[in-house]
Every structure is written in structure tokens, then in C-alpha cells.
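In what follows, a single structure is set out as C-alpha cells and then discussed.
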Amino acid sequence: MNVHHLELFYYVAKHGGISAAVRHIPYGIQQPAVSGQIGALEADLGTRLFERSPFRLTSAGRKLYAHIEPFFAGLPVLAGQLRDEERPELRLGASELVLRLHIPTVTRRLRERHPRLQLSLRSGYQVQFETWLRDGLIDLAIVPIDQKPGGRLGQLRLARVPLVLLIPKKHSLKQAADLWKQKKRHEPLVSLPAASSVTRSFQRDLRKLGVTWPQAVEATSMEMVTSYVANGEGWGVNLAIPEAIEHPEVRVLPLTGFAPMEIGLRWNGEPSPLLRDAIAAFQQYTRETWPDWVIEDALPPQKKRK
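Under our numbering, think of the first position of the sequence shown as 211, with each following residue one higher.
Written as C-alpha cells, this is what we have:
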């Protein structure tokens, strides 16, 4: 069996089809090329590995995937361990605001223990980070957390941050609670993507109040939410992080009774010594920067190698 063909089949089986696999394979390859090489693998094995439409692994496909999945899924973790041994590299994913204002302090401290540390920084949003972690493109992500991660992803909570409502400065509203007397809100709602933890949490608490308020504007960053409110495009829901919500044309109202958002770290597989040092540095920074919001989670001890 051709190892490259097995790698392509791994991505196809993992992501549920050839077109979905092409979007996640960490190098450039076209759909016809993948289809042709999967066909060559099936010809070599003398059996079909999956049904094309709708996608479904055959018995042979499930058996093959069960054998190759641990190897290919473990490669990103192994690569991280080898990088640490030869040249410490940390690939971080976070929002633009976090990368710009908070990461530099953490990485300066980290360089005291790892002077040769090389950094790779990627901005994005929550769903992207989790995909990048699973595909081995980043080592650590700073994300909102509202549920346990799936698969090999690990997590540690850092802080519990309140949600706030952003309204135009000149509006007369004094408290957000007055809004819930009307069960259907018509103001354009500006918020992070519907799949983000912040928006899911806000909408979940609205439903508990019996209030309907559909999203009108999807913004991909906290700063963009605030900017759109300042420009008169609607009202926004955001995290109570001062650097993200302070604007001369915006007024901030507490969302009393709404669940705060837990912010934390996620990674894939067993964290390396470098990753453990990074997690500890983020915990220390959180204690100093947001003492009222900090969550004191403990990182499980490192597993002994067999």
C-alpha cells in the first residue's frame, strides 16, 4: 500500500468525503487528484473503501481507518515534541486583540525559560482555531469555552468574563433588563458568528427569558462588534474586555443574570514541556491582569512515557 494514498484516505474518512478532505489537507492538492489516488488505493486493495453519495465507509473502509487513524492523528503531536527537542517553536492562535495586547507580555516571560523560542501567531475565530488544532497547524489556542472539547483536545480555563450589551451613546436606555419586557426585539443585533460560544451563550439565556432577538450583523471580531455599534448599525453583545468595548460613541450596559463566558486554552494531545510552560505563563498573566475573573484550574500532571 502507498503511504501517501493512506494519508489521503485518512483525511477523506475523517472529514466525511473528498471535497471536505481537500479543505483540510495541509498542503495544496486538487479534488480530482485525491479522487484518482483513492481509486488507485481501492484498486490495490481490491475493494471499495466508501460509498460516494451519500458518504459512508464500507466495512473494509472502517477497518482500514481504525488501523491508520492513531498513526496519522498522532503525527502533529509527535512533530511538536520533535520541534521542542531541536528548536522550540510555539504556534499560537488567538483573536487579533489578544495577539496585539496580551500575548507579548506572556511570550517575553516564556523566553526567559526558552531563549531560542520561535513564535508563530495566527489570528482567527473560535471554529477556525479548533480545526487548526486538530489538523496540527497550531499548538495552543486562546478561545471562549462553553463545552468540553471532543477527541484529543485538552483545555484549561483561565477566566470568567461577563457579557455586556453595547448601545449607541445617545440612547436613553438605563439598564438591559428593561428590554426583556418586550419578548421580540427589533433592533439590529450585532454579534460574533452564530457558532461562537459568546453568541450561543447569549441566545441561550435570551431563550430562558422567553425573548427572541435574531442576529442581524455577523462580526468576526470583538472590535468589529463595537465598531458597528459605534457606526449606528445596531446594538451589540460583547465580552466585557475594556480594550474591545471602549469607544466614545458607545455605551456599555451590564447583562445582569446572563452567564459569563469562560475563556481558556485548548491544545491537541498530551502537552509538551514547552506547552506546559506556556500554559503556566498564561495562568500567571491572567491572575495579574484580571484578578476578579480568574479561574484557578490545575493542569493534569504530565504522563510518563512508556
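Built from N, CA and C at the ideal position, the CB exists for glycine as well.
Classification of residue i by the beta-carbon crowding that lies within 10 angstroms, buried from 16 upward
i      : result
TYR335 : buried
TYR237 : exposed
GLU433 : buried
GLY249 : exposed
Residues that residue i bridges to, as DSSP identifies them
i      : result
THR409 : Partner(s): none; THR409 has no beta bridge.
GLU428 : SER401
PHE260 : LEU267
GLN240 : BP columns for GLN240 are empty, so no partner.
THR422 : LYS394
Residue i versus residue j - alpha carbon distance
i      : j      : result
ALA283 : LEU363 : 12 Å
GLU322 : LEU255 : 53 Å
SER330 : ALA230 : 26 Å
THR257 : GLY360 : 31 Å
GLU456 : PRO242 : 50 Å
ALA519 : LEU375 : No answer is possible for residue 519: the residues shown for the chain start at 211 and end at 516.
ILE235 : LEU218 : 8 Å
ILE505 : ALA369 : 5 Å
LEU366 : ALA491 : 13 Å
LEU449 : VAL408 : 8 Å
TRP500 : ALA508 : 18 Å
VAL371 : LEU288 : 34 Å
Reduced DSSP secondary structure (H/G/I, E/B, other) of residue i
i      : result
ARG266 : strand
PHE282 : helix
GLY303 : strand
GLN357 : coil
GLU313 : Residue identity check: residue 313 is Ile in the sequence provided, not Glu. Helix.
PRO483 : helix
LYS394 : strand
GLN328 : strand
HIS225 : helix
GLN493 : helix
LYS516 : Bear in mind that the predicted position of LYS516 carries a pLDDT of just 49, short of 50, making it too unreliable to give a figure here.
GLY290 : helix
In chain order, each beta strand (DSSP E) run of at least 3 residues that lies wholly inside the region 436 to 476: As far as the region 436 to 476 is concerned, its whole beta strand (DSSP E) runs of at least 3 residues are 445 to 449 and 460 to 464.
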